[in-house]
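Asker:
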Amino acid sequence: MITQLKGRLVEKSPTHAVVDCQGVGYWLNISLHTYADLGQDEAILLYTHLVVREDAHILFGFSSREERDLFRQLISVSGVGPSTAQMILSSLNPSETRKAILEGNVALLKSIKGIGAKSAERLIIDLRDKIGKGGGAADVITKDKPVAAKDEALAALTQLGFSRVQAERAVEKAIKSEGDAVPVEQMIKVALKNL
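In my numbering, the protein residues as written are 1 to 195.
Printed below as a string of C-alpha coordinates:
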(Lines of atoms letter the chains of each structure in order from A and count residues from 1; the text may use other names and numbers.)
(Lines give C-alpha, C1' and ligand atoms only; values in the text may rest on other atoms or scores of the structure.)
Protein backbone atom coordinates (compact mmCIF):
# COMPACT_ATOMS: atom_id res chain seq x y z
CA MET A 1 0.00 0.00 0.00
CA ILE A 2 1.15 3.55 -0.70
CA THR A 3 0.99 5.38 2.63
CA GLN A 4 2.39 8.80 1.68
CA LEU A 5 3.81 10.76 -1.23
CA LYS A 6 6.50 13.39 -0.96
CA GLY A 7 7.22 15.48 -4.00
CA ARG A 8 6.44 18.67 -5.86
CA LEU A 9 2.86 19.82 -6.34
CA VAL A 10 2.42 20.41 -10.07
CA GLU A 11 -1.36 20.74 -10.32
CA LYS A 12 -4.24 21.24 -7.96
CA SER A 13 -7.97 21.73 -8.13
CA PRO A 14 -10.66 21.51 -5.44
CA THR A 15 -11.08 17.79 -6.20
CA HIS A 16 -7.61 16.55 -7.11
CA ALA A 17 -3.88 17.20 -6.97
CA VAL A 18 -0.98 15.93 -9.06
CA VAL A 19 2.29 15.31 -7.22
CA ASP A 20 5.56 14.77 -9.11
CA CYS A 21 7.69 12.23 -7.22
CA GLN A 22 11.05 11.75 -8.94
CA GLY A 23 9.52 12.21 -12.40
CA VAL A 24 6.37 10.16 -11.80
CA GLY A 25 3.13 12.14 -11.53
CA TYR A 26 0.54 10.80 -9.09
CA TRP A 27 -3.10 11.88 -9.37
CA LEU A 28 -4.72 12.09 -5.93
CA ASN A 29 -8.36 12.77 -5.11
CA ILE A 30 -8.44 15.36 -2.31
CA SER A 31 -10.97 17.08 -0.07
CA LEU A 32 -11.55 20.82 0.02
CA HIS A 33 -9.86 20.80 3.43
CA THR A 34 -6.65 19.42 1.90
CA TYR A 35 -6.99 21.75 -1.10
CA ALA A 36 -7.01 24.74 1.25
CA ASP A 37 -3.82 23.47 2.94
CA LEU A 38 -1.88 23.15 -0.33
CA GLY A 39 0.23 25.95 -1.74
CA GLN A 40 1.16 26.24 -5.41
CA ASP A 41 4.14 24.52 -7.08
CA GLU A 42 5.82 23.59 -3.79
CA ALA A 43 7.36 20.55 -2.11
CA ILE A 44 4.63 18.72 -0.22
CA LEU A 45 3.91 15.58 1.76
CA LEU A 46 0.47 14.01 1.39
CA TYR A 47 -0.74 11.02 3.39
CA THR A 48 -2.55 8.60 1.13
CA HIS A 49 -5.10 5.84 1.01
CA LEU A 50 -5.20 3.50 -1.99
CA VAL A 51 -8.55 2.10 -3.08
CA VAL A 52 -8.18 -0.98 -5.28
CA ARG A 53 -11.09 -1.87 -7.53
CA GLU A 54 -11.45 -4.39 -10.28
CA ASP A 55 -11.11 -1.69 -12.93
CA ALA A 56 -8.99 0.97 -11.19
CA HIS A 57 -6.55 1.88 -8.44
CA ILE A 58 -7.57 5.21 -6.91
CA LEU A 59 -5.34 7.30 -4.63
CA PHE A 60 -6.82 9.68 -2.09
CA GLY A 61 -4.53 12.32 -0.59
CA PHE A 62 -4.74 14.08 2.77
CA SER A 63 -2.81 16.96 4.31
CA SER A 64 -2.79 15.30 7.75
CA ARG A 65 -2.79 11.83 9.26
CA GLU A 66 -5.86 12.83 11.26
CA GLU A 67 -7.84 13.44 8.07
CA ARG A 68 -6.65 10.17 6.52
CA ASP A 69 -7.51 8.19 9.65
CA LEU A 70 -10.98 9.72 9.74
CA PHE A 71 -11.43 8.90 6.03
CA ARG A 72 -10.58 5.28 6.81
CA GLN A 73 -13.08 5.23 9.66
CA LEU A 74 -15.77 6.73 7.43
CA ILE A 75 -15.32 4.15 4.66
CA SER A 76 -15.54 1.35 7.23
CA VAL A 77 -19.23 2.23 7.67
CA SER A 78 -21.61 0.20 5.50
CA GLY A 79 -22.92 2.30 2.62
CA VAL A 80 -20.17 4.94 2.83
CA GLY A 81 -17.71 4.65 -0.02
CA PRO A 82 -14.57 6.66 -0.75
CA SER A 83 -16.43 9.33 -2.76
CA THR A 84 -18.97 9.87 0.01
CA ALA A 85 -16.20 10.02 2.63
CA GLN A 86 -14.38 12.59 0.48
CA MET A 87 -17.61 14.61 0.23
CA ILE A 88 -18.01 14.52 4.03
CA LEU A 89 -14.43 15.74 4.52
CA SER A 90 -14.97 18.45 1.89
CA SER A 91 -18.07 19.69 3.70
CA LEU A 92 -16.73 19.53 7.27
CA ASN A 93 -13.16 19.59 8.50
CA PRO A 94 -12.00 16.54 10.52
CA SER A 95 -12.68 18.08 13.93
CA GLU A 96 -16.17 19.22 12.87
CA THR A 97 -16.91 15.75 11.51
CA ARG A 98 -15.77 14.09 14.74
CA LYS A 99 -17.81 16.55 16.80
CA ALA A 100 -20.95 15.94 14.71
CA ILE A 101 -20.58 12.17 15.16
CA LEU A 102 -19.83 12.36 18.90
CA GLU A 103 -22.75 14.71 19.53
CA GLY A 104 -25.12 12.70 17.31
CA ASN A 105 -25.83 15.72 15.09
CA VAL A 106 -27.95 14.00 12.42
CA ALA A 107 -29.12 17.33 10.94
CA LEU A 108 -25.57 18.50 10.23
CA LEU A 109 -24.56 15.18 8.68
CA LYS A 110 -27.77 15.11 6.57
CA SER A 111 -26.88 18.54 5.18
CA ILE A 112 -23.94 16.93 3.34
CA LYS A 113 -24.64 15.92 -0.26
CA GLY A 114 -25.08 12.15 -0.51
CA ILE A 115 -25.89 11.62 3.18
CA GLY A 116 -29.48 10.83 4.07
CA ALA A 117 -31.06 10.26 7.46
CA LYS A 118 -30.22 6.53 7.52
CA SER A 119 -26.60 7.10 6.51
CA ALA A 120 -26.19 9.86 9.10
CA GLU A 121 -27.60 7.61 11.83
CA ARG A 122 -25.38 4.72 10.71
CA LEU A 123 -22.29 6.96 10.82
CA ILE A 124 -23.15 8.00 14.36
CA ILE A 125 -23.94 4.48 15.58
CA ASP A 126 -20.89 2.85 13.96
CA LEU A 127 -18.29 5.53 14.70
CA ARG A 128 -19.30 7.18 17.98
CA ASP A 129 -17.53 4.54 20.10
CA LYS A 130 -14.48 4.35 17.82
CA ILE A 131 -14.03 8.11 17.82
CA GLY A 132 -14.95 8.52 21.49
CA LYS A 133 -12.56 5.91 22.95
CA GLY A 134 -10.23 7.29 25.60
CA GLY A 135 -11.47 10.87 25.42
CA GLY A 136 -11.65 10.86 21.64
CA ALA A 137 -9.16 10.11 18.90
CA ALA A 138 -9.03 13.81 18.06
CA ASP A 139 -7.85 14.58 21.61
CA VAL A 140 -5.05 12.02 21.36
CA ILE A 141 -3.92 13.38 18.01
CA THR A 142 -4.02 16.95 19.27
CA LYS A 143 -1.87 16.07 22.28
CA ASP A 144 0.74 14.32 20.10
CA LYS A 145 0.72 16.91 17.31
CA PRO A 146 2.83 19.65 18.97
CA VAL A 147 5.63 17.18 19.75
CA ALA A 148 5.52 15.72 16.23
CA ALA A 149 5.41 19.19 14.65
CA LYS A 150 8.37 20.33 16.76
CA ASP A 151 10.35 17.21 15.80
CA GLU A 152 9.51 17.67 12.10
CA ALA A 153 10.54 21.33 12.26
CA LEU A 154 13.83 20.43 13.97
CA ALA A 155 14.54 17.73 11.38
CA ALA A 156 13.80 20.12 8.51
CA LEU A 157 16.08 22.83 9.89
CA THR A 158 18.97 20.43 10.52
CA GLN A 159 18.57 19.10 6.97
CA LEU A 160 18.88 22.68 5.76
CA GLY A 161 22.31 22.81 7.41
CA PHE A 162 21.61 24.51 10.75
CA SER A 163 23.09 23.02 13.90
CA ARG A 164 20.80 21.16 16.29
CA VAL A 165 21.28 23.88 18.95
CA GLN A 166 20.44 26.69 16.49
CA ALA A 167 17.39 24.79 15.26
CA GLU A 168 16.13 24.12 18.81
CA ARG A 169 16.45 27.79 19.78
CA ALA A 170 14.66 28.96 16.63
CA VAL A 171 11.84 26.42 17.04
CA GLU A 172 11.38 27.32 20.72
CA LYS A 173 11.09 31.00 19.74
CA ALA A 174 8.56 30.05 17.05
CA ILE A 175 6.50 28.08 19.57
CA LYS A 176 6.56 30.99 22.04
CA SER A 177 5.42 33.49 19.42
CA GLU A 178 2.94 31.30 17.48
CA GLY A 179 1.85 28.69 20.04
CA ASP A 180 2.50 24.95 19.96
CA ALA A 181 -0.61 24.09 17.90
CA VAL A 182 0.72 25.90 14.83
CA PRO A 183 1.15 23.72 11.69
CA VAL A 184 4.69 22.49 11.10
CA GLU A 185 5.03 24.54 7.89
CA GLN A 186 4.26 27.77 9.75
CA MET A 187 6.57 26.73 12.59
CA ILE A 188 9.44 26.25 10.12
CA LYS A 189 8.77 29.60 8.42
CA VAL A 190 8.81 31.47 11.74
CA ALA A 191 11.87 29.52 12.91
CA LEU A 192 13.76 30.44 9.72
CA LYS A 193 13.04 34.11 10.41
CA ASN A 194 14.56 33.62 13.89
CA LEU A 195 17.83 32.24 12.47
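Heads up, the beta-carbon is just placed ideally off N, CA and C, and yes, glycines get one too.
Identify which residue in L89, A56, A155, N105 has its Cα closest to the Cα of S74.
Answerer: Position 74 of the sequence shown holds residue 74. Checking the sequence shown, residue 74 turns out to be Leu, not Ser. Ranking the options by Cα distance to L74, first place goes to L89.
Asker: Would you list the residues sitting across from K6 in a DSSP beta bridge?
Answerer: One-based indexing of the sequence shown puts residue 6 at position 6. DSSP output for K6 lists L45 as bridge partner(s).
Asker: Would V24 be called buried (16 or more neighbouring beta carbons within 10 Å of its own) or exposed?
Answerer: Residue mapping note: residue 24 aligns to position 24 of the sequence shown, counting from 1. Counting Cβ neighbours within 10 Å, V24 comes out exposed, since fewer than 16 surround it.
Asker: Are the segment 30-47 and the segment 11-21 touching, with three or more C-beta to C-beta distances below 8 Å?
Answerer: Because the criterion of three Cβ pairs below 8 Å is met, the segment 30-47 and the segment 11-21 touch.
Asker: Based on Cα-Cα distance, which residue from R68, R128, M187, L192 lies nearest to A149?
Answerer: The count along the sequence shown starts at 1 and reaches residue 149 at position 149. Cα-wise, what sits closest to A149 is M187.
Asker: Just to confirm before moving on: does the CB-CB distance between A174 and V184 stay below 7 Å?
Answerer: Numbered from its first residue, the sequence shown carries residue 174 at position 174. Numbered from its first residue, the sequence shown carries residue 184 at position 184. It is not a contact, given that the beta carbons lie outside the stated cut-off.
Asker: From the beta carbon of V106, is the nearest beta carbon of chain C less than 7 Å away?
Answerer: This model lacks chain C altogether, as it is built from one protein chain only.
Asker: Quick one: using the 10 Å Cβ neighbour count with 16 as the cut-off for buried, is L59 buried or exposed?
Answerer: Numbered from its first residue, the sequence shown carries residue 59 at position 59. So L59 counts as buried.
Asker: So within the segment 54-85, which uninterrupted beta strand (DSSP E) runs reach at least 3 residues, ignoring any that extend past its ends?
Answerer: Fully enclosed beta strand (DSSP E) runs of 3 or longer: 57-62.
Asker: Quick one: using the 10 Å Cβ neighbour count with 16 as the cut-off for buried, is T3 buried or exposed?
Answerer: Residue numbering aside, residue 3 sits at position 3 when the sequence shown is read from its first letter. Exposed.
Asker: In whole angstroms, what separates the C-alpha of K193 from that of G104?
Answerer: Walking along the sequence shown from the start, residue 193 turns up at place 193. Walking along the sequence shown from the start, residue 104 turns up at place 104. Those two C-alpha atoms are separated by around 44 Å.
Asker: Identify whether I141 lies in helix, strand or coil by the three-state DSSP scheme.
Answerer: Your numbering for residue 141 matches position 141 in the sequence shown. Bear in mind that a pLDDT of 39 at I141, under 50, signals an unreliable position, so the number given afterwards is only what the model happens to contain. Of the three classes helix, strand and coil, the one that applies to I141 here is helix, per DSSP.
Asker: Using a threshold of 7 Å, state whether the C-beta atoms of L5 and L46 are closer than that.
Answerer: As a working mapping, residue 5 is identified with position 5 in the sequence shown. As a working mapping, residue 46 is identified with position 46 in the sequence shown. Against a cut-off of 7 Å, the Cβ pair of L46 and L5 comes out as a contact.
Asker: If you compare alpha carbons, which of F62, G79, S78 is closest to F71?
Answerer: Translated into the one-based positions of the sequence shown, residue 71 becomes position 71. Ranking the options by Cα distance to F71, first place goes to F62.
Asker: Exposed or buried, V165, counting other C-beta atoms within 10 Å across all chains shown (16 or more means buried)?
Answerer: For the purposes of this step, residue 165 is taken as residue 165 along the sequence shown, with counting starting at 1. By the neighbour-count rule (16 or more Cβ atoms within 10 Å), V165 is not buried but exposed.
Asker: Using DSSP's beta-bridge definition, name the partner residues of D20.
Answerer: If you number the sequence shown from 1, residue 20 lands on position 20. DSSP lists R8, G25 as partners of D20.
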